[in-house]
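> This is the structure, below, for whatever I ask next.
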Amino acid sequence: MAKYVYSFNEGTKEMKNLLGGKGANLAEMTNIGLPVPFGFTITTDACKKYNDDGDKLDQVIVDEIWEHLAELEEVMGKKFEDNENPLLVSVRSGAPVSMPGMMDTILNLGLNDVSVEGLAKKTENERFAYDSYRRFIQMFGDVVMEIKKAKFDEIFDGQKKKVGAEVDVDLNTEDLKEIIIEYKKLVKNELGRDFPQDPKEQLLEAIQAVFKSWNNDRAILYRKLNNIPNSLGTAVNVQSMVFGNSGNDSGTGVAFTRNPANGENELFGEFLVNAQGEDVVAGIRTPQPISEMAEAFPEVYSQFAKVSKALENHYKDMQDMEFTVEDRKLYMLQTRNGKRTAAAAVKVAVDLVNEDLIDTETAVMRIEPSQINQLLHPTFDPKDLVKLTPVAKGLPASPGAATGEIYFTAEDAAKASAEGKKVILVREETSPEDLAGMAAAEGILTARGGMTSHAAVVARGMGKCCVAGCKEIIVNDTAKTLTVGGKVYEEGFNISLNGTDGSVYAEAVNTVSPELSGDFGTIMEWADELRTLRVRTNADNPRDAQQAIDFGAEGIGLCRTEHMFFEEDRIPKIRRMILADTEEERREALEGLLPYQKNDFIGIFKVMGELPVTIRLLDPPLHEFLPKNEVDINYLSEQFNIPHDKIVNKTTELHEFNPMLGHRGCRLAVTYPEIAEMQTEAIISAALQVRKEDGLDIVPEIMVPLIGELKELEFVKKTIVEVADKLIAESGDDMKYMVGTMIEIPRAALTADEIAEEAEFFSFGTNDLTQMGFGFSRDDTGEIIKEYVEKGILDADPFQSIDTKGIGKLVSMAVEGGRKTRPNIKLGICGEHGGDPSSIHFCHNVGLNYVSCSPFRVPIARLSAAQAAVEERRKG
Ligand code: PEP
Ligand code: MG
């Protein structure tokens, strides 16, 4: 028979899918003897059943809940429905994958108008009892009854104002009682029913609300942003309450075993005396640093420090913990692997290896490739910074630098970002409703909340710069203004945030590229030892090539020569070539371009040394180079003495309805072989010159684009070989060179065995292969694809992450065909997918020799390639 409820002593940390992350870890902590308030977990299977049954809790599940409640009563020595000494519980969601702030928590469940008095008597603390009850009504009202939280806040803040209370703890028992009366009135007005007084009814309603909240909009959005399957479901944890709000000997906190911003090995977190958990996480009161707990509760602090170390040693990873102190006794409420910035992830992984807790392979597997971006992203130019003074300083909640226009609501921020603006979201504090705005923003600034507030946690997860708890600013989201130092800044004003030190600047600030730490280099070295896939870069100039080398690139997989023609001094020359009427005129124009091309290649060869360099012949349709406006046309007409009308006519003549399928790629070299001749001459003579000057053994790789038929390649290759062999013979050098092709037309993939007769290497152009294989225009279908993803027709944008089923099949067929004809054929990929982690896994699995990607994605590719190799080995 299915089992839907597990007591904490029945589970283990391995049971995440069934018990959720929180439930599995509560069970684990219970079993290793840590002080965990007892409780039970209702499984994700129960959630699935609830959803499948049309939002109904089956009696079988209800019965099991009552059985486990009875056990809990026995363990705690208290009764759930007792009016004198009531057992109170918390009800929390806990999905298999951590979803911070997404699901809701209810504390103090079981209280009612009568038992609150019992609790007051029993604890001899009336204020505490009523404070607990008002919190419960508020949380239950918000989460279960779906009454807007702001309405409760209005009542609460109104009372504070009325009695002149500065902070929550200034409210006395009578104030709390008044608040409770108002809260209950609010419930009655909103729902036409009384606040439920039966604890069992409260419990079942709360459990169902958690199951329902799996499908609320922000949970769905979070899952979408983080690729979490909807099918997982959430578990519910019912745990006996311990009270951090029972006086000044109590408190609550959240802490990491190491610093989640920079990875330093130190307890890091926050603590609030006389408070309950949600006060810390919601950023309602700004908490004290955890180190101050050592002064307030020295014994508890040292016990907590020991528990944290024990947890870290047990889980062999940095932990993120929630705890409560009740009357100077420590209780652990949660532990999980802590979310961390990329810098911290790298440092913690390297440190854990040095501490002999994990091996290098585990360390490499711990780093999220997409997170590496954070390390490679710009920071503010220090030269500019010294001249500037911040207008305010908040907490450095998530590192990085951001500049943008200020917007005050998630909606406005998302809208402005969709219009192409760079946006900074400014909020009093954020909540899960702000997720879309946070995702759209470059950076986030909040006036309230600490390092573990919603804004801080979510921003770190997203890798976004965030300054939180900036007390000096006043945010007015009705007037849409930010006031600081007496100055008022309106919506659209440019500010800058430094998430690494918490500074806020009232102006735009320039940014510079980052430098990588020694630990990063160590992780990359370990990754390099594990991977079998090589990593090259797509670069068309010496600067990018150097950047890629600095990031560890092992060659150039694609040099797009057309990019060299777009430079200001060259574009008139290529236009001259296109406008030529005869071959002779065309050759003359190409002669003018030759020295430029040759010098470009010399620069690239010098930077790359003996690393392989693949240079592709001209690819795009010629009309891309034609003059775009009257100024260009007049300039060209005067410069080369060509009649204005002739230029206009030629432009019309070259117009294509489907340029992506028209006069481009190898078709240019077939119709105008002189272009391929000039480019070959530039490549070969540059390589010969650098070999001679620098004594380097350079073997250039010449790549022909857009081949669909073997004979096309034969034709173009003949041109290349004639020019190359002649130059080499004349030089007296014995330089080798290779001729290969892109595989980017489906027909080429299907006939790869034939094409390999002429091609010494293949490079998969998966941008075009996706375009032509899927029939999606690269330039026109962005919005359609977005909608397809939203509607679940596609899992992901196939231009970002390779469609393994269809386009991937074309790739694997071509790999097989190519290797059948030429076993040693070199196979790589140079489409955008070469820098996408999941596509890199595919490339590894299909047996490519290398991936090639833009310079900034090289480290991501090195790491992903290593992870793919480890995964393959682990699968056996
Ligand atoms: C490709 O098609 O994948 C490719 C790399 O070429 P381009 O993007 O230049 O068309
Ligand atoms: Mg292409």
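Residue numbers for the sequence shown follow numbering that gives the first Met the number 0, so the first one is 0 and each next one is one higher.
Beta carbons are placed, not taken as given, at the ideal position from N, Cα and C, and that holds for glycine.
When DSSP builds the beta bridges, which residues end up paired with methionine 331?
The partner list for methionine 331 (beta bridge, DSSP) reads Phe322.
> Could you name the residues that DSSP lists as bridge partners for arginine 879?
Residue 879 lies beyond the range of the chain shown here (0 to 875); nothing can be said about it.
> Should glycine 830 be counted as a contact of the ligand PEP given a C-beta to heavy atom distance under 6 angstroms?
Yes, the ligand PEP has a heavy atom inside 6 angstroms of this Cβ.
> Could you pull the start and end residues of the alpha helix (DSSP H) that phenylalanine 773 belongs to?
Here the alpha helix (DSSP H) through phenylalanine 773 covers 765-773.
> Considering only heavy atoms of the ligand MG, does any lie closer than 6 angstroms to the CB of glycine 764?
Yes, the beta carbon of glycine 764 sits closer than 6 angstroms to at least one heavy atom of the ligand MG.
> Looking at aspartate 778 and the ligand PEP, is the gap between the Cβ and the nearest heavy atom below 6 angstroms?
For the ligand PEP, not one heavy atom lies less than 6 angstroms from the Cβ of aspartate 778.
> Would you say alanine 439 and alanine 413 are within 7 angstroms of each other, going by their C-beta atoms?
Yes; because the gap between Cβ atoms is below 7 angstroms, this pair is in contact.
> Name the residue from Asp326, Met320, Thr581, Phe255 whose alpha carbon lies nearest to the alpha carbon of leucine 332.
The shortest Cα separation from leucine 332 among Asp326, Met320, Thr581, Phe255 belongs to Met320.
> Drop a sphere of 10 angstroms on the beta-carbon of threonine 334, count the other beta-carbons inside from all chains shown, and report buried for 16 or more, exposed for fewer.
Its Cβ being crowded by 16 or more others within 10 Å, threonine 334 is buried.
> Could you name the residues of the same chain whose beta carbon sits closer than 8 angstroms to that of glutamate 871, not counting the 5 residues immediately before and after it, in chain order?
The answer, listed in chain order, is His843, Asn844.
> Go to arginine 20, then tell me how far its alpha helix (DSSP H) extends in each direction, as first and last residue.
In the sequence under discussion, the amino acid at residue 20 is glycine, which differs from the arginine named in the question. Glycine 20 -> alpha helix (DSSP H) spans 15-30.
> Can you give the Cα-Cα distance for valine 508 and alanine 454, rounded to whole angstroms?
Distance between the alpha carbons of valine 508 and alanine 454 is about 23 angstroms.
> Whose C-alpha, out of Ile828, Gly834, Ser684, Gly403, is nearest the C-alpha of lysine 725?
The residue with the shortest Cα to Cα distance from lysine 725 is Ser684.
> Applying the 10 Å Cβ sphere with the 16-neighbour rule, what's the burial state of lysine 147?
Classification of lysine 147: exposed, given that the 10 Å Cβ count is below 16.
> Could you compute how far the alpha carbon of asparagine 848 sits from the alpha carbon of isoleucine 443?
Cα to Cα, asparagine 848 sits roughly 42 angstroms from isoleucine 443.
> Tell whether a beta-carbon distance below 7 angstroms holds between arginine 327 and valine 299.
Going by C-beta atoms, arginine 327 is nearer than 7 angstroms to valine 299.
> Measure from the alpha carbon of glycine 262 to the alpha carbon of each residue in Val385, Ser397, Asp411, Leu593, then state which is nearest.
Glycine 262 has its Cα closest to that of Ser397, out of Val385, Ser397, Asp411, Leu593.
> How long is the line joining the alpha carbons of threonine 510 and aspartate 380, rounded to whole angstroms?
If you take the alpha carbons of threonine 510 and aspartate 380, they lie about 5 angstroms apart.
> Glycine 337 and methionine 317 - do their beta-carbons sit closer together than 7 angstroms?
Yes, the Cβ-Cβ distance between methionine 317 and glycine 337 is below 7 angstroms.
> According to DSSP, which residues form a beta bridge with isoleucine 180?
Answer is none; isoleucine 180 lacks a bridge partner.
> In whole angstroms, what separates the C-alpha of tyrosine 406 from that of proline 395?
Taking the straight line joining both Cα atoms gives about 20 angstroms.
> From which residue to which residue does the alpha helix (DSSP H) around proline 571 run?
Counting along the chain, the alpha helix (DSSP H) containing proline 571 begins and ends at 570-578.
> Are the beta-carbon atoms of alanine 668 and valine 715 separated by less than 7 angstroms?
Yes, Cβ-Cβ distance for alanine 668 and valine 715 is below 7 angstroms.
> With 16 as the cutoff for other CB atoms within 10 Å, does leucine 175 come out buried or exposed?
Counting Cβ neighbours within 10 Å, leucine 175 comes out buried, since at least 16 surround it.
> Near leucine 709, which residues of its chain fall below 8 angstroms by C-beta distance, leaving aside the five closest residues on each side in sequence?
So the list reads Thr750, Glu753, Ile754, Glu756, Glu757, once near-sequence residues are dropped.
> With a threshold of 6 angstroms, establish whether the CB of glutamate 561 neighbours any heavy atom of the ligand MG.
Every heavy atom of the ligand MG is 6 angstroms or more from the Cβ of glutamate 561, so no.
> Can you list, in chain order, the residues of its chain with a C-beta nearer than 8 angstroms to that of threonine 670? Leave out the 5 residues immediately preceding and following it.
Excluding positions up to five away in sequence, the list reads His662.
> When we look at the beta-carbon of alanine 864 and count the other beta-carbons within 10 Å, is it buried (16 or more) or exposed?
Alanine 864 should be labelled buried.
> Measuring CA to CA, which of Ile357, Ala526, Glu291 is closest to valine 857?
Ranking Ile357, Ala526, Glu291 by Cα distance to valine 857 puts Ala526 first.
> Taking glycine 764 as the reference, which of Gly830, Ser730, Ile719, Met812 has the closest Cα?
Taking only the C-alpha atoms, the option nearest glycine 764 is Gly830.
> What do you reckon, are the CB atoms on isoleucine 178 and glutamine 158 nearer than 7 angstroms?
For isoleucine 178 and glutamine 158, yes; Cβs fall inside 7 angstroms.
> If we ignore side chains and look at the alpha-carbon of each, how far apart do valine 425 and asparagine 497 end up?
Those two C-alpha atoms are separated by around 14 angstroms.
> Does the beta-carbon of glutamine 770 have 16 or more other beta-carbons within 10 angstroms, so that it is buried, or is it exposed?
Counting Cβ neighbours within 10 Å, glutamine 770 comes out buried, since at least 16 surround it.
> Count the CB pairs spanning the stretch 681-701 and the stretch 611-625 that are closer than 8 angstroms, and state whether there are at least three.
Yes, they touch.
> Can you list, in chain order, the residues of its chain whose CB lies under 7 angstroms from that of proline 34, leaving out five sequence neighbours each side?
Closer than 7 angstroms at Cβ, skipping near neighbours: Leu329, Tyr330, Met331.
> Quick one: give me the first and last residue of the alpha helix (DSSP H) that serine 636 is part of.
Element bounds for serine 636: 629-639.
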